[in-house]
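Have a look at the structure below before the remarks.
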Amino acid sequence: MFGKTNFKLATLAVGGLLACSLLAGCGEESGGGSSDANEIIVGSNFELTGNHAQYGQSSANGFKLAIKEINDAGGINGKMIKIVEVDSKSETAESVNAATKLISDDNVVAIVGPAVTANVIAESQVATDNKIPVIAPDATNPDVTVENGEVKPYIFRSCFIDPQQAEVMAEFASKDLSAQTAVLYLDSSSDYSKSLGRIFKETFEAAGGTVVMEEAFLAKDQDFKAALTKIQTANADVIFVPAYYEEVGKIVKQARELGITATILGTDGWDDSKVVEIAGADALNNTFFCTHYFEGDEEVQGFIAAYQKEYGTAPNVFAALGYDAGKMLIDAIQRGGDSAEKIRDNLENIQNLQVGTGKITMDMKTHNPIKGIVVIENKNGARELRTKIAPQG
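The structure is reproduced here in structure tokens:
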């Protein structure tokens, strides 16, 4: 969902050095642990303010719900899980500072978050140096858990990765829709969008299709009609728009106003009910996107009901993935994870675990969950399940 956004390596390097200077024994095993024998202390490091707060807050809420449920049920072996919540402020340097505080001051045994890939990558070095496992709920870029072909030993995620969803949508366009031609309309300020566009093109053309045009916009743009007018001339079967719901809603709305009737495709960045408010129900007809779960599935009803009861609103996909991360952490602790190192080992060995969005198994070679993916059709303001792809691996 969140690809790697640009950030200055110098800032990250300084943040990493600062973290090492603040942490006693940086690079040596700290192990993590609780000062209270009746508590297990874990960290929540999300973007609670700043540009990505809408994603971080939802993910944090989902995570907190999972922990509340286990605590309300009596905890784990009589111990309550205590969350220490910090704000990464939607900044890479602050993500490092927040992780440093959680490890050095709060003595956490694990960290969940942040939401955005760049912030997770910024945090990962200080967490790895101190052997504290991290679960990233929303960061879909492959670089989060694998670097130079090697898995990062302490970094995990609860979401699928960008290549999986781009391939799914390209194959859906080719096989299910019998599309022969496609246009890419990408957010040129987002590595998430550009990466998805590249993989979609590779997969679609390998299946015999042709990408006939590529156009770009910038996040926070308001008027898309000039580019859409050019796209209209391509007369393509499908338009692939891997972006976030705010821009997606406006793009779809303006496309339909121009008379573009082509099928419009997207990815998990579309997955928010606000897209209907922005685009309008009629405009969204003949659009499809892939995401992590379908709210009509029986296996997700318990999570949806619990979230609505706790927060008075339906969960979005960020809340669901935060909840999944919490369930992964709880499972790792329940299976004898009384230290950071044991939690890491148990996360690596997750097998057929029921979480909010379905069942997952951890791929030990990549620290990516093996999980299903769904393609959703927008129809008259409602969402309908078009197809479900079983876990691969």
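Going by my numbering, the letters in the sequence shown line up with residues 251 to 643, in that order.
Glycine included, every Cβ here is placed at the ideal spot set by N, Cα and C.
Remember, it's a predicted structure, so these values are computed and weren't measured experimentally.
Pair within 9 Å by beta-carbon distance, residue i and residue j
{"i": "T541", "j": "V525", "result": "no"}
{"i": "M612", "j": "F406", "result": "yes"}
{"i": "D487", "j": "T395", "result": "no"}
{"i": "E464", "j": "L427", "result": "no"}
{"i": "A477", "j": "R506", "result": "no"}
{"i": "S340", "j": "A303", "result": "yes"}
{"i": "Q493", "j": "S443", "result": "Residue identity differs from the one stated: residue 493 is Ala in this sequence, not Gln. The answer is yes: Cβ separation under 9 Å."}
{"i": "G576", "j": "G312", "result": "yes"}
{"i": "D547", "j": "N630", "result": "no"}
Boundaries of the beta strand (DSSP E) in which residue i is found, first to last residue
{"i": "P619", "result": "618 to 620"}
{"i": "A493", "result": "Element bounds for A493: n/a, residue is neither H nor E."}
{"i": "L436", "result": "431 to 437"}
{"i": "D471", "result": "Premise fails: D471 is in no beta strand (DSSP E) and is neither H nor E."}
{"i": "V394", "result": "Premise fails: V394 is in no beta strand (DSSP E) and is neither H nor E."}
{"i": "N628", "result": "623 to 629"}
{"i": "L515", "result": "513 to 516"}
{"i": "M463", "result": "460 to 467"}
{"i": "N295", "result": "289 to 296"}
{"i": "I610", "result": "608 to 613"}
Buried/exposed call for residue i, threshold 16 Cβ in 10 Å
{"i": "N327", "result": "exposed"}
{"i": "T645", "result": "Since the displayed the chain opens at 251 and closes at 643, residue 645 lies outside it and no answer follows."}
{"i": "N398", "result": "exposed"}
{"i": "T563", "result": "exposed"}
{"i": "A323", "result": "exposed"}
{"i": "C309", "result": "What sits at residue 309 in the sequence shown is Ser, not Cys. Buried, because 16 or more other Cβ atoms sit within 10 Å of the Cβ of S309."}
{"i": "I623", "result": "buried"}
{"i": "S374", "result": "buried"}
{"i": "E400", "result": "exposed"}
{"i": "D522", "result": "buried"}
{"i": "Q472", "result": "exposed"}
{"i": "T460", "result": "exposed"}
{"i": "A640", "result": "exposed"}
{"i": "S440", "result": "buried"}
{"i": "Q504", "result": "buried"}
{"i": "T511", "result": "exposed"}
{"i": "G586", "result": "exposed"}
{"i": "A456", "result": "exposed"}
{"i": "N599", "result": "exposed"}
{"i": "E344", "result": "buried"}
{"i": "A590", "result": "buried"}
{"i": "K425", "result": "exposed"}
Residue i versus residue j: straight-line alpha-carbon distance, rounded
{"i": "K314", "j": "L508", "result": "44 Å"}
{"i": "V625", "j": "L534", "result": "15 Å"}
{"i": "D337", "j": "V366", "result": "13 Å"}
{"i": "K332", "j": "P619", "result": "25 Å"}
{"i": "V292", "j": "C409", "result": "20 Å"}
{"i": "V376", "j": "T513", "result": "45 Å"}
{"i": "K451", "j": "S438", "result": "16 Å"}
{"i": "I317", "j": "D355", "result": "21 Å"}
{"i": "S280", "j": "K351", "result": "Caution is warranted here: a pLDDT of 42 is assigned to S280, below 50, making its placement in the model unreliable, and the coordinate value is therefore given only provisionally. Going from the Cα of S280 to the Cα of K351 covers about 14 Å."}
{"i": "A632", "j": "P413", "result": "27 Å"}
{"i": "S284", "j": "G608", "result": "In this predicted model, S284 has a pLDDT of only 44, less than 50, meaning its place in the structure is not dependable; the value taken from the coordinates is given anyway. Distance between the alpha carbons of S284 and G608: 31 Å."}
{"i": "F539", "j": "K480", "result": "23 Å"}
{"i": "A466", "j": "E496", "result": "16 Å"}
{"i": "G499", "j": "D393", "result": "29 Å"}
{"i": "M614", "j": "I320", "result": "26 Å"}
{"i": "V358", "j": "N628", "result": "42 Å"}
{"i": "F686", "j": "G458", "result": "Because residue 686 is not part of the residues shown, which for the chain are 251 to 643, the question remains open."}
{"i": "G363", "j": "E289", "result": "20 Å"}
{"i": "P565", "j": "A429", "result": "33 Å"}
{"i": "G447", "j": "L436", "result": "7 Å"}
9 Å Cβ cutoff, residue i in contact with chain C
{"i": "T616", "result": "Absence of chain C from the displayed structure is noted, only one protein chain being present."}
Residue i: first and last residue of the uninterrupted alpha helix (DSSP H) it sits in
{"i": "A476", "result": "475 to 484"}
{"i": "M419", "result": "412 to 421"}
**Report entry** the stretch 546 to 555 contacting the stretch 372 to 390, beta-carbon criterion three pairs below 8 Å
**Finding:** no
Report task. May I ask you to verify whether the stretch 502 to 517 touches the stretch 415 to 426, counting CB pairs closer than 8 Å and requiring at least 3? Result -> Below 8 Å, enough C-beta pairs join the stretch 502 to 517 and the stretch 415 to 426 to call them touching: three or more.
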